Amino acid sequence: MKKSFLLLIASFFVLAACSPSGKFSKEEAQKIGVSWKLITNFTEVDGTFKAKFTLKNGGDVALNDKNWTLFFNMSPRPIQANKSPEPAKVEHINGDWYKLVPEKDFKLNAGDSITINYFGTSGVIKETDAPLGLYFVFYDEEGKEKDIVQVADYTIEPFTTKEQILRGKGDLEAIQTAELRYKQNLVMSPIDSGQLQKIIPAPVKITNSPGTFTLNTETAIYYETGLEGEAKYLSENLKTVTGKAYQAKSGLPEAATANSIILKSGKVQVNGVSKEAYTLGINGNGVTITGSDAAGVFYGVQSLMALVPLEAFQKPAAVISLGFTQIEDAPRFYFRGLHLDVARNFQTKESVKRIIDLLATYKINQLLFYTAEDEGWRVEIDGLPELTTVGAQREHTSNMNNSVLHPSYGSGPIANDEGKFGAGYYTKADFIEILKYAKERHVNVIPELNFPGHARAAIKSMEARYDRLMKEGKEKEANEYRLIDPDDKSVYISAQGYKDNVVSVARESTYHFFEKVVDEMAKMYKEAGLTMDTFHTGGDEVADGVWEKSPMAAKLLKENPEIKSAKNLQSYFVRRLVPRLEKRNLKIHGWEEVALTKTSEGKYLPNPEFIGKQVVPYIWNNVFDVDLGNRMANAGYQVILCNVTNLYFDMSYNNDPKEPGLYWGGFVNTWDNWAFAPFDMFKTTYTTAMGKPMVEEFVGKEKLKPEARKNILGLEAELWSETVKGRDMMEYMILPKLFGFAESAWSPQRSWETIEDKTAREKSIAAGWNIFANSIAQKEIPRLSYLNGGYNYRLPLPGAIVENGMLKANVDMPGLTIRYTTDGSEPTAQSALYANPVKVSGTIKLKTFDKAGKSSRTSIVEAK
């Protein structure tokens, strides 16, 4: 696959080189082609991959052992030493930033090619894992950087063999093929429209009766005081399906009024829940929505819009028929959230607002807005301009210790490079606009600052500030927000490959910085007409070795012997931070580590000191510490479940090399999001990250105690953005997974969640999923093409086999259609429609299509 990278070059100097002219030109640099190939994940040492770079010099200038280095980003993995000499070597610099450097006597003459093999740790199976953002740095005879040229001619060779698609000998996942999909899809069957789930997520109770109400141009909307926003939202949404602007009238009619939609509040309690609850009734007079609060009314409006036939979204009509319906509904969990990482790869304000609309549509009420990470800082903060002038962009730097963010995730060497996603931030006005937009849709935005780890963008920004103020002779001011111990010689490497991403917890200025950011964000909430009542403190993945060679940390430990060791300094940090946030009337959310202590053996245990202190840990780890969520809730912590095996949207759907995403926690699809039992997680945690069935792992582990169920505040889906570039990819990773998540977070407990017999439970799950999958395919997915101008969602590839010359095909979401070709062309909406087995020959290409005309990627089978 070709990857063309924009050729941006600030200037080009004359370089000394071995060539007839002795000069290096921009044009010559552009002629250096690069290809990369994963050779195998099945090396002599298990858990190691072998890959190679091939450089082809199409120009007239020779590369030698001193005049070049090739920089790139790659999914972070430790590099292994070569066992035999290679002409160049790959070196890890920091994070996902690497370089290919020539060995002694390297020579690549004009017209020649050269191959460099290298080894790394952990299998590589995705095109999104491959080196990205490649660029050359050229040097003069004194070794000084002279110019930077982005690689234009770059090829990632396809992943086709078992050794490239599986992660090693221990990978038990089946390789994705059309034949495998066909066999897996045989359990699915189509159902008629009368059996479909009418609303996603499913209400607590829905009763249909004979008769229809006709919504037309004469229908009026009446609303009670305090529901102006909900009435306006309904009017705008009805216009999209009728083409008519509906006038919303303040006040309720004195008597029953025909042909009306009434929005009102009142005492509503469903399943013992009175927050966000509603009833919705459709009869001959019209529609009545009664909510326990404004949010309840809003969710009633969403259910009303979900009842509108798909045809009205496809072709707006002045008259819409709605069947008589009575709905009683309330959420299963108060907290229903999406984590959205815009720090690693930036998303525009408009793209974020589109996600907020999605959340509102499917009754998700929390957005953890992840705007600060190692790779970027995305919100303007008054008084700290470097956070955005330095922290909101990435560029090449000659040394990782400089006060600049180096390239990450293929962002390239040029700051603010068009078409890349490493740069960008929200002004105060942008952030306030997002807050207001979310408020109108009953989505609560939770701000975040991840300390003490994952803090590199903040650290580098504050070092730039320190450098600036020291040059101005303002030493006291320079140290006011400094975040590091400059004499710290600790050696560590984080989960994402960073060697310098942890703040000093021994500096008062670190806490002062945190308070400054919190206070400035609180001001923006106030400007948006809101009160910031929750703050997410991150707190995850502080690497072993941190602070162990910091003089400031050593002094702190000496003065506070009860801390015992540097391993306990993270708990110390949380202990000092909690009262500062409590003083600001903030609930303190964070990843699981904020409420854990670490034993000398490295095992995590619940830390009792923060129980009852509004400290809420988010539990993601149910693969490496399978009962952690249960232990935390049983210990008395209120927790939010973010189980990686079920709720991580950034995990790839499967091991298809072209399917984007990560897989360190396994593969996660829409079924996984739907098939989740929050009170008995063992029932719906099926395999390890490598596909090994999980049975023994649960032996002797804690189950959730019945009295601890109240401590499960809710669920959160996660979208980390390492592989997410731009709006389309973001929406692709979220949809249709969001449907399954919304069902698990909002809808009442499914009957299968309490079935102890595994065979009976799996049968019940299969029956429920078949209905849900049909509902997605026949109604919900195509609706996404018309909501908000249309979303970019994923459709599953069809399954197919050829037996005795006959093509058999199916799909895992019945209701999608399959079209195919036999002449090598890509299927279109006009291609042959598959209905029954058909005789074929040659190469058959197939795609699934939905009712909106959108298609999947191509599935291929050969007729032998």
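Using the working numbering, the letters of the sequence shown map in sequence onto residues 6 to 869. Where a beta carbon is used, it is the ideal one built from N, C-alpha and C, also for glycine. This structure is a prediction, so every number in the text was calculated from the model and none was measured.
Determine the contact status of Gln169 and Thr53, defining contact as a CB-CB distance below 8 angstroms.
-> In the sequence shown, counting from the first residue as 1, residue 169 sits at position 164. In the sequence shown, counting from the first residue as 1, residue 53 sits at position 48. No, the pair does not count as a contact, with Cβ atoms beyond the cut-off.
Lys768 in three-state terms, based on DSSP | Counting from one through the sequence shown, the residue named residue 768 turns up at place 763. Looking at Lys768 - three-state DSSP - the assignment turns out to be helix.
Alpha carbon to alpha carbon, what distance is there between Glu108 and Gly125?
-> What you label residue 125 is simply residue 120 of the sequence shown in a count that begins at 1. What you label residue 108 is simply residue 103 of the sequence shown in a count that begins at 1. Answer to the nearest angstrom: the Cα atoms are 18 angstroms apart.
Closer than 7 angstroms by C-beta to Leu177: which residues in its own chain qualify, once you throw out the five before and the five after it? Chain order, please.
-> Your numbering for residue 177 matches position 172 in the sequence shown. So the list reads Met695, Gly696, Lys697, once near-sequence residues are dropped.
Is there contact here, the region 112-121 with the region 151-165, by at least three beta-carbon pairs under 8 angstroms?
-> no
Pull up the distance between the alpha-carbon of Lys730 and that of Ser265, whole angstroms please.
-> Locating residue 730 in the sequence shown gives position 725, counting from the first residue. Locating residue 265 in the sequence shown gives position 260, counting from the first residue. Those two C-alpha atoms are separated by around 45 angstroms.
N-terminal and C-terminal residue of the alpha helix (DSSP H) that Asn242 is part of | As a position in the sequence shown, residue 242 is number 237, starting the count at 1. Per DSSP, Asn242 belongs to the alpha helix (DSSP H) from 233-247.
Indicate whether Thr728 and Asp817 have their beta-carbon atoms separated by less than 8 angstroms.
-> Counting from 1 along the sequence shown, the entry for residue 728 is found at position 723. Counting from 1 along the sequence shown, the entry for residue 817 is found at position 812. For Thr728 and Asp817, no; Cβs fall outside 8 angstroms.
So what's Leu393 in DSSP terms, helix, strand or just coil?
-> On the sequence shown, position 388 is the one that residue 393 refers to. Inspection of the sequence shows that residue 393 is occupied by Thr rather than by Leu. Note: Thr393 maps to helix in three-state DSSP.
Which class does Tyr471 belong to by DSSP, given the choice of helix, strand or coil?
-> Here residue 471 is taken as the residue at index 466 of the sequence shown, counted from 1. Note: Tyr471 maps to helix in three-state DSSP.
Can you tell which of Ala397, Gly670, Leu454, Glu445 has the C-alpha that lies nearest to the C-alpha of Ala428?
-> In the sequence shown, the residue the question calls residue 428 occupies position 423. The candidate whose alpha carbon is nearest that of Ala428 is Ala397.
Could you tell me the distance, in whole angstroms, from the CA atom of Met734 to the CA atom of Asn797?
-> Position 729 of the sequence shown, counting from 1, holds the residue named residue 734. Position 792 of the sequence shown, counting from 1, holds the residue named residue 797. Cα to Cα, Met734 sits roughly 8 angstroms from Asn797.
Got a sec? Which residues, its chain only, sit under 8 angstroms from Ser279 by beta carbon, not counting five neighbours each side?
-> Here residue 279 refers to the residue found at position 274 when the sequence shown is read from its first residue. Only Lys272, Val273, Ser297, Ala335 meet the Cβ criterion.
Using the C-alpha atoms, what's the distance from Glu333 back to Val753?
-> Position 748 of the sequence shown holds residue 753. Position 328 of the sequence shown holds residue 333. Before going further, note that residue 753 is Pro rather than Val in the sequence given. Each residue's Cα considered, the two are about 12 angstroms apart.
Close-in-space but distant-in-sequence residues of the same chain around Tyr251 (CB under 6 angstroms, 5 per side omitted) = For this step, residue 251 is matched to residue 246 along the sequence shown. If we look at Tyr251 and ignore the five residues flanking it on each side, its Cβ neighbours are Ile226, Ser240, Leu243.
Whose CA, out of Trp552, Val845, Gly671, lies closest to the CA of Asp492?
-> In the sequence shown, residue 492 corresponds to position 487, counting from 1. Checked all of Trp552, Val845, Gly671; the closest Cα to Asp492 is Trp552.
Where the alpha helix (DSSP H) through Lys188 begins and ends | As a first step, residue 188 must be located in the sequence shown, where it is residue number 183. Here the alpha helix (DSSP H) through Lys188 covers 183-190.
Per-residue burial, Ala300 [other beta carbons within 10 Å of its own, 16 or more giving buried] = The sequence position of residue 300 within the sequence shown is 295, counting from 1. Buried, by the Cβ-count rule.
8 angstroms Cβ cutoff met for Leu591 and Ala533 = For the purposes of this step, residue 591 is taken as the residue at position 586 of the sequence shown. For the purposes of this step, residue 533 is taken as the residue at position 528 of the sequence shown. Contact: no.
contact_flag[the region 636-655, the region 712-726] where n(CB pairs < 8 angstroms) is 3 or more = yes
Where does Trp73 fall in DSSP's three states?
-> For the purposes of this step, residue 73 is identified with residue 68 of the sequence shown, where counting begins at 1. Strand.
Leaving out the 5 sequence neighbours to the left and right, which residues in its chain are closer than 6 angstroms to Asp490 when beta-carbon positions are compared?
-> The residue given as residue 490 occupies position 485 in the sequence shown. Answer for Asp490: Ser509, Ser555, Met557, listed in chain order.
I think Ile776 touches Gln200, with their Cβ atoms under 8 angstroms apart; what is that distance to the nearest whole Å?
-> Sequence index remark: in the sequence shown, residue 776 carries index 771 (1-based). Sequence index remark: in the sequence shown, residue 200 carries index 195 (1-based). Right, their Cβ atoms sit about 6 angstroms apart.
Can you list the beta strand (DSSP E) stretches of 3 or more residues lying completely in the region 728-813, in chain order?
-> 804-808
Going by beta carbon distance, what residues of the same chain come within less than 6 angstroms of Lys688, once the five residues before and after it are set aside?
-> What you label residue 688 is simply residue 683 of the sequence shown in a count that begins at 1. The residues are Ala682.
How close, in whole Å, do the beta carbons of Tyr516 and Arg581 come, if the pair is a contact with beta carbons under 8 angstroms?
-> If you number the sequence shown from 1, residue 516 lands on position 511. If you number the sequence shown from 1, residue 581 lands on position 576. Contact flag correct, Cβ pair sits at about 6 angstroms.
Contacts around Tyr642, its chain only, beta-carbon distance under 8 angstroms, and the 5 residues preceding and following it disregarded | Reading the sequence shown from its first residue, position 637 is the one you call residue 642. Within the same chain, Tyr642 has close Cβ partners Ala600, Pro611, Phe615, Ile616, Val620, Val621, Pro622, Asn716.
Grab me the residues of Phe672's own chain with a C-beta within less than 8 angstroms of its C-beta, minus the 5 sequence neighbours each way, in chain order.
-> Locating residue 672 in the sequence shown gives position 667, counting from the first residue. Here the set comprises Glu178, Met656, Ser657, Tyr658, Asn659, Asn660.
Inter-residue Cα distance where the pair is Val866 and Thr166 = Residue 866 sits at position 861 when you count from the first residue of the sequence shown. Residue 166 sits at position 161 when you count from the first residue of the sequence shown. C-alpha separation (whole angstroms): 16 angstroms.
Closest by C-alpha distance to Arg349, when choosing among Gln181, Met537, Tyr430 = Reading the sequence shown from its first residue, position 344 is the one you call residue 349. The shortest Cα separation from Arg349 among Gln181, Met537, Tyr430 belongs to Tyr430.
Evaluate contact between the region 532-549 and the region 456-464, counting only Cβ atoms and requiring at least three cross-stretch pairs below 8 angstroms.
-> yes
How should Ala323 be labelled, buried or exposed, when 16 other C-beta atoms within 10 angstroms of its C-beta is the threshold for buried?
-> On the sequence shown, residue 323 is found 318 positions in, with the first residue counted as 1. The residue is exposed, with fewer than 16 neighbouring Cβ atoms inside 10 Å.
Would you list the one or two residues that DSSP bridges to Val324?
-> Within the sequence shown, the letter at position 319 stands for residue 324. For Val324, which the question treats as bridged, DSSP gives no partner whatsoever.
Nearest-angstrom Cβ-Cβ length linking Ile325 and Val313, presumed shorter than 8 angstroms | Counted from its first residue, the sequence shown places residue 325 at position 320. Counted from its first residue, the sequence shown places residue 313 at position 308. The pair is a contact, with the Cβ atoms about 6 angstroms apart (cut-off 8 angstroms).
Same chain only: Cβ atoms within 7 angstroms of Thr2, ignoring 5 sequence neighbours per side = The structure shown has nothing for residue 2, since the chain only spans 6 to 869.
Specify the secondary structure class of Leu454 as computed by DSSP and reduced to three states.
-> Residue 454 sits at position 449 when you count from the first residue of the sequence shown. Three-state DSSP puts Leu454 in coil, outside helix and strand.
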